[in-house]
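Student: Just so you know, we're using our numbering here: the sequence shown kicks off at 3 and counts up by one. Beta carbons are placed, not taken as given, at the ideal position from N, Cα and C, and that holds for glycine. Supplied in structure tokens, the structure appears directly below.
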Amino acid sequence: MQIAVTIVAFALAFSVCGLAIAAETASPSGPGLRYYYPVAPADPPQVFDVDVCVYGDTPGGIAAAIQARRLGRTSALFCFGRHIGGMTAGGLSATDVGNAKAIGGMAREFYDRVGMMRGFRPSKARETFLAMLKEAGVPVHLEHRLAKVIKDGPRITEIAFENGNRARARIFVDATYEGDLLAGAGVSYHVGRESNDMYQETLNGKQFRNTHNFVVPVDPYKVEGDPSSGLLWGISDEAPGKAGEGDRHVQAYNFRMFLSSAEDRIPFPRPPGYDPARYALLVRYLARHPHVPFQLREGDSNNTGGFSTDYIGGSDAWPEADYATRERIFQDHVNYQQGLMFFAANDPSVPADLRQKVSRFGLAAGEFTATGGWPPQLYVREGRRMVSDYVMTEHNCLGKVVAEDGIGLASYNMDSHNCRRIVIDGKVRNEGDVQVKCPQPYPISYRSIVPREKQCTNLLVPVCLSSTHIAYGSIRMEPVFMILGQSAATAGVLALESNVPVQRVDYAKLKQRLVAMGQILQWNPSPLSP
């Protein structure tokens with residue numbers, strides 16, 4: 003992993019909701035809408051020594067850190083930036099629940115405390131996470147960016163951060179959306195889409211389907227009918243290829259805006275470097291198919307249709323990029339999506355009725371106040387995916403293969419957003435969207451969250467777990483990450499008690515503990531009320 007470092011800041015300690023949080027920040031008012039920014043070196047550098055070190059403040063990481071403390075072990079949560087709670091506190095409040103009866107344990111506790119599974123305010127999710135962390139006594143360290151992983155043979159002994167601090171532990175948990183810790187530890191992983199042939203699947207690799215696509219023919223060229231004029235912005239000249247072929251493309255990312263039509267709404271901002279040419283394809287599409295190209299509703303707004311808030315083709319480099327490159331990609335996504343909303347609300351080339359509909363909405367006041375109402379968390383739908391001794395595939399999702407060492411259930415559709423926008427037969431088409439239901443909730447293997455033993459013996463990976471692209475499309479939901487984070491920490495503590503590698507944890511004992519804490523490991527039609 004390449005790390006670009008420029009440090010020109012000073013240290014600041016602050017408290018949120020009564021929870022003491024250590025932080026180094028670029029200015030008293032915060033860094034603004036940024037992924038990566040200068041952070042002051044720790045003065046003096048500290049060494050944090052805990053039983054369980056969790057890197058990544060996703061819901062899976064939060065659950066893991068809390069669970070370790072509840073089991074009587076010391077833990078600490080290290081966060082890349084200032085935002086806590088991943089997408090659950092980052093705008094994704096229309097939770098991808100799947101089957102609510104498959105959600106147990108700490109995930110169920112969290113949603114019970116929030117008061118609902120869908121429709122909550124991001125600030126309420128954040129407050130709930132902070133309260134749970136405080137109650138468990140978990141130290142939370144903001145703005146700690148992984149710089150180096152130190153190992154003794156197959157064991158991680160400590161990790162070093164850019165600011166000079168270090169964390170030592172007996173068990174480490176990679177709960178990032180990107181899999182940065184597992185990569186730094188030399189653990190095998192995959193980026194992109196496997197071919198169908200690799201695991202005898204049918205829904206992986208390139209997929210030419212009609213969902214979230216252009217519903218009428220649209221010419222892709224700057225001058226209609228003239229290929230020599232070049233392609234409109236956002237369309238790739240890559241050859242379509244064949245269905246089922248693997249590649250390095252990653253499904254599209256976006257920001258889950260939290261919208262409001264209230265009088266105090268924040269108008270959609272005009273971003274720096276705003277370029278209306280980015281939306282020429284949308285104008286051409288609207289001329290042939292008048293519609294609303296995104297979800298205009300109170301609360302969480304997501305991508306929908308052929309041209310929307312997903313930045314198709316913009317995320318390919320993110321999983322393996324260094325932090326400075328990710329910052330450029332982040333800002334490009336901000337520019338694209340803010341520009342799209344501003345364009346739709348203001349540009350005269352947009353039909354007047356659509357401009358009026360869009361202008362009735364804006365960003366909700368009171369949410370994401372440090373970033374002007376815009377979510378600070380980019381929706382990294384897929385980063386690296388570990389490759390371990392057990393790989394979850396579509397066969398698990400479809401119930402054709404059942405993991406016998408389940409540590410939680412997943413139930414959402416196999417859901418991949420589009421990966422490419424290309425030209426097929428002279429017309430623009432999106433490629434990669436898959437929406438296929440799973441017959442019923444299915445178990446996720448414990449072996450899929452632990453690396454191969456020869457590679458690392460004290461690391462658990464509840465977010466970037468061992469899974470194919472299409473299976474991950476079902477697993478990658480926020481409630482499931484919480485479930486897996488809690489189970490991962492439980493397994494880690496059991497490994498400490500037994501003094502064994504995480505790969506050799508006694509599953510019978512693990513299962514007993516998980517069931518006792520309310521985890522649902524096997525599907526029963528009605529284990530819990532909705």
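Going by Cα to Cα distance, which pick from Val360, Ser351 and Arg157 is closest to Pro269?
Tutor: Nearest of Val360, Ser351 and Arg157 to Pro269, Cα basis: Val360.
Student: Less than 6 Å between C-beta atoms, sequence neighbours within five positions excluded: which residues of the same chain meet that for Gln524?
Tutor: Correct list: empty, nothing qualifies.
Student: CB-CB under 6 Å to Gln488, same chain, minus the five flanking residues each way: which ones, in chain order?
Tutor: Counting only Cβ-Cβ distances below 6 Å, and skipping sequence neighbours, we find Ala65, Gln69, Gly107 and Met108.
Student: Here's the rule I'm using: 16 or more other beta-carbon atoms within 10 Å means buried, otherwise exposed. How should Glu265 be labelled?
Tutor: With fewer than 16 Cβ atoms within 10 Å of its Cβ, Glu265 is classed as exposed.
Student: Check whether the region 375-394 and the region 48-55 touch, using three or more Cβ-Cβ pairs below 8 Å as the test.
Tutor: They do not touch, by the three-pair rule.
Student: Tyr414 and Met479: beta carbons closer than 7 Å?
Tutor: Yes; because the gap between Cβ atoms is below 7 Å, this pair is in contact.
Student: Using DSSP's beta-bridge definition, name the partner residues of Tyr338.
Tutor: DSSP lists no partner for Tyr338.
Student: Per DSSP, Glu160 is paired with what?
Tutor: In the DSSP output, where bridge partners are listed per residue, Glu160 has Ile152 and Arg170.
Student: Closest to Lys513 by C-alpha separation, out of Glu406, Pro441 and Asn337, would be which residue?
Tutor: Taking only the C-alpha atoms, the option nearest Lys513 is Glu406.
Student: Would you list, in sequence order, the uninterrupted beta strand (DSSP E) runs of no fewer than 3 residues that lie entirely inside the region 258-308?
Tutor: Counting whole runs of 3 or more residues, the region 258-308 contains the beta strand (DSSP E) stretches 259-262 and 301-303.
Student: Under 8 Å: do the region 147-158 and the region 181-198 share three or more Cβ pairs, one atom per stretch?
Tutor: Yes, the region 147-158 is in contact with the region 181-198.
Student: Could you have a look at Val430 and say whether DSSP puts it in helix, strand or coil?
Tutor: Reduced to three states, the DSSP call for Val430 is strand.
Student: Consult DSSP for Leu73 and reduce its assignment to one of helix, strand or coil.
Tutor: The answer is coil: DSSP assigns Leu73 none of H, G, I, E or B.
Student: Within its chain, find whatever has a CB closer than 7 Å to the CB of Ala6; leave out the 5 residues flanking it on each side and keep chain order.
Tutor: Since pLDDT at Ala6 reaches only 33, below the 50 mark, its modelled position is unreliable, and the value read off the structure follows with that caveat. If we look at Ala6 and ignore the five residues flanking it on each side, its Cβ neighbours are Asp324, Tyr325 and Ala326.
Student: Quick check on the DSSP output: the alpha helix (DSSP H) that includes Ile477 runs from which residue to which?
Tutor: Run containing Ile477: His471 to Ile477, per the alpha helix (DSSP H) assignment.
Student: DSSP three-state call for Tyr113: helix, strand or coil?
Tutor: Of the three classes helix, strand and coil, the one that applies to Tyr113 here is helix, per DSSP.
Student: So, do the region 462-473 and the region 236-247 have three or more beta carbon pairs nearer to each other than 8 Å?
Tutor: Judged by Cβ distances under 8 Å, the region 462-473 makes no contact with the region 236-247, as fewer than three pairs qualify.
Student: When the Cα of Leu35 is compared with those of Gly385, Pro378, Leu288 and Ser351, which residue comes out closest?
Tutor: With distances taken between Cα atoms, Leu35 lies closest to Pro378.
Student: Within this structure, are the beta carbons of Thr60 and Gly93 separated by less than 7 Å?
Tutor: Result no, Cβ atoms of Thr60 and Gly93 do not sit closer than 7 Å.
Student: What separation, rounded to the nearest whole angstrom, lies between the Cα atoms of Asp349 and Ala279?
Tutor: Roughly 11 Å separates the two Cα atoms.
Student: Taking the beta carbon of Ala15 as the centre, do at least 16 other beta carbons fall within 10 Å, making it buried, or is it exposed?
Tutor: Caution is warranted here: a pLDDT of 29 is assigned to Ala15, below 50, making its placement in the model unreliable, and no coordinate value can be reported.
Student: If you draw a straight line from the alpha carbon of Pro30 to that of Ala138, how long is it in whole angstroms?
Tutor: Any reading at Pro30 is ruled out, since the residue's pLDDT is 32, under 50, leaving its predicted position unreliable.
Student: Run the CB neighbour count on Glu226, radius 10 Å, all protein chains shown included, and call it buried at 16 or more, exposed below.
Tutor: Glu226 comes out exposed.
Student: Taking the runs of the beta strand (DSSP E) that are 3 residues or longer, which of them lie wholly in the region 38-64?
Tutor: Complete beta strand (DSSP E) runs here, min 3: 49-57.
Student: Would you kindly check if the distance between the Cβ of Pro292 and the Cβ of Ser310 is under 7 Å?
Tutor: No. Outside cutoff.
Student: Does the beta-carbon distance from Leu411 to Ile522 come in below 7 Å?
Tutor: In contact: Leu411 and Ile522 (Cβ atoms closer than 7 Å).
Student: State the CB to CB distance for the pair Gly434 and Glu180, rounded to an integer number of angstroms; the pair is presumed to be in contact (CB under 8 Å).
Tutor: Incorrect: roughly 20 Å between the Cβ atoms, too far for contact.
Student: Mind checking which residues open and close the beta strand (DSSP E) that includes Ser231?
Tutor: Start and end: Asp228 to Leu233.
Student: Around the C-beta of Ser263, are 16 or more other C-beta atoms found within 10 angstroms, so that it is buried, or is it exposed?
Tutor: Flag for Ser263 reads exposed.
Student: For Arg299 and Arg168, what's the separation of their Cα atoms in angstroms?
Tutor: Their backbone Cα atoms lie some 44 Å apart in a straight line.
Student: Rounding to the nearest angstrom, what Cα-Cα distance links Gly520 and Arg84 in this structure?
Tutor: So the two alpha carbons sit approximately 31 Å from each other.
Student: Which of helix, strand or coil does DSSP assign to Val352?
Tutor: Coil, per DSSP.
Student: Pop quiz: His419 and Asp312 are said to be a contact at Cβ under 8 Å. What is the actual Cβ separation, rounded to whole angstroms?
Tutor: His419 to Asp312, Cβ: 6 Å. Contact.
Student: Hey, is the region 194-214 in contact with the region 244-256, meaning 3+ C-beta pairs nearer than 8 Å?
Tutor: These segments touch.
Student: Using a 10 Å radius around the Cβ and a threshold of 16 neighbouring Cβ atoms, would you call Lys103 buried or exposed?
Tutor: Looking at its Cβ environment, which holds 16 or more other Cβ atoms inside 10 Å, Lys103 is buried.
Student: Within the same chain, show all residues whose beta-carbon is closer than 7 Å to that of Ala366, passing over the 5 residues directly before and after it, in chain order.
Tutor: Cβ within range, chain order: Phe260, Leu261, Ser262, Arg267 and Gly375.
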